[in-house]
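Numbering (the working numbering), first residue to last: 2 to 208. Every residue gets a Cβ at the ideal spot worked out from N, C-alpha and C, and that includes glycine. Here the structure is a predicted model, which means the values were calculated and not measured.
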């Protein structure tokens, strides 16, 4: 199974990006990365790694597996969690990096449940919204999700591992029909972590 974790700092990413993209695009992405790093600050992931490593992993997925070269799309990959997980807003992204990038970030930002709304239902509706998404939105979302699940077994909560595996198989893997370059990636991932489906079924039988 392919793992994208070679870019842990911008220095790690810089030369591989220059090998694939115009210099102006790489310089733009460096500026975007600095902004994303400022917004995310000292945030860490569930396994304890700096949050910015997730952003760089998603960028590596988008470039190497997704074949993305559009600077607006790649900027959205780096900024995809700003509106959802920081004090930054879509409008601030629009002011700094343009409407196209901001619209892509908005499209992948999960809404907060309103008063009286069921959070699970809101999440399900959010994931279903990608069934009719344009290819660039799918690329951002699939790059993000693959970064999240490529090391699923490092998540500190086994129950979360099983739920996230099931959700990804049920609602994310089918989206690769609209982004076929991701099909082999998620197929191998699903097989690699298939024990999580077996664990979930065993737990259900024992309940």
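Distance, Cα to Cα, residue i vs residue j?
| i | j | result |
| --- | --- | --- |
| residue 122 | residue 103 | 25 Å |
| residue 149 | residue 55 | 7 Å |
| residue 93 | residue 41 | 14 Å |
| residue 126 | residue 114 | 11 Å |
| residue 89 | residue 44 | 14 Å |
| residue 58 | residue 194 | 19 Å |
| residue 182 | residue 118 | 36 Å |
| residue 5 | residue 147 | 9 Å |
| residue 142 | residue 109 | 6 Å |
| residue 185 | residue 191 | 10 Å |
| residue 53 | residue 199 | 32 Å |
| residue 64 | residue 138 | 14 Å |
| residue 172 | residue 111 | 15 Å |
| residue 197 | residue 163 | 5 Å |
| residue 28 | residue 60 | 14 Å |
| residue 67 | residue 116 | 38 Å |
| residue 189 | residue 85 | 29 Å |
| residue 178 | residue 153 | 23 Å |
| residue 87 | residue 37 | 10 Å |
How is the alpha helix (DSSP H) around residue i delimited, first residue to last?
| i | result |
| --- | --- |
| residue 98 | 91-98 |
| residue 13 | 11-21 |
| residue 110 | No alpha helix (DSSP H) contains residue 110, which DSSP labels as neither H nor E. |
| residue 86 | 83-86 |
| residue 7 | Careful: residue 7 lies outside any alpha helix (DSSP H) and carries neither H nor E. |
| residue 25 | 24-41 |
Return the Cβ separation of residue i and residue j in integer angstroms, given the expectation that the two are a contact with Cβ distance under 8 Å.
| i | j | result |
| --- | --- | --- |
| residue 106 | residue 83 | 7 Å |
| residue 31 | residue 11 | 6 Å |
key: alpha helix (DSSP H) segments (min. 4 residues) lying fully within the stretch 45-74   = Within the stretch 45-74, the complete alpha helix (DSSP H) segments of 4 residues or longer fall at 52-61, listed in chain order.
message = Threshold first: 4 residues or longer. Then list the alpha helix (DSSP H) segments lying entirely within the stretch 133-206, N to C.
response = List check, alpha helix (DSSP H) in window: 136-150, 159-168, 184-193.
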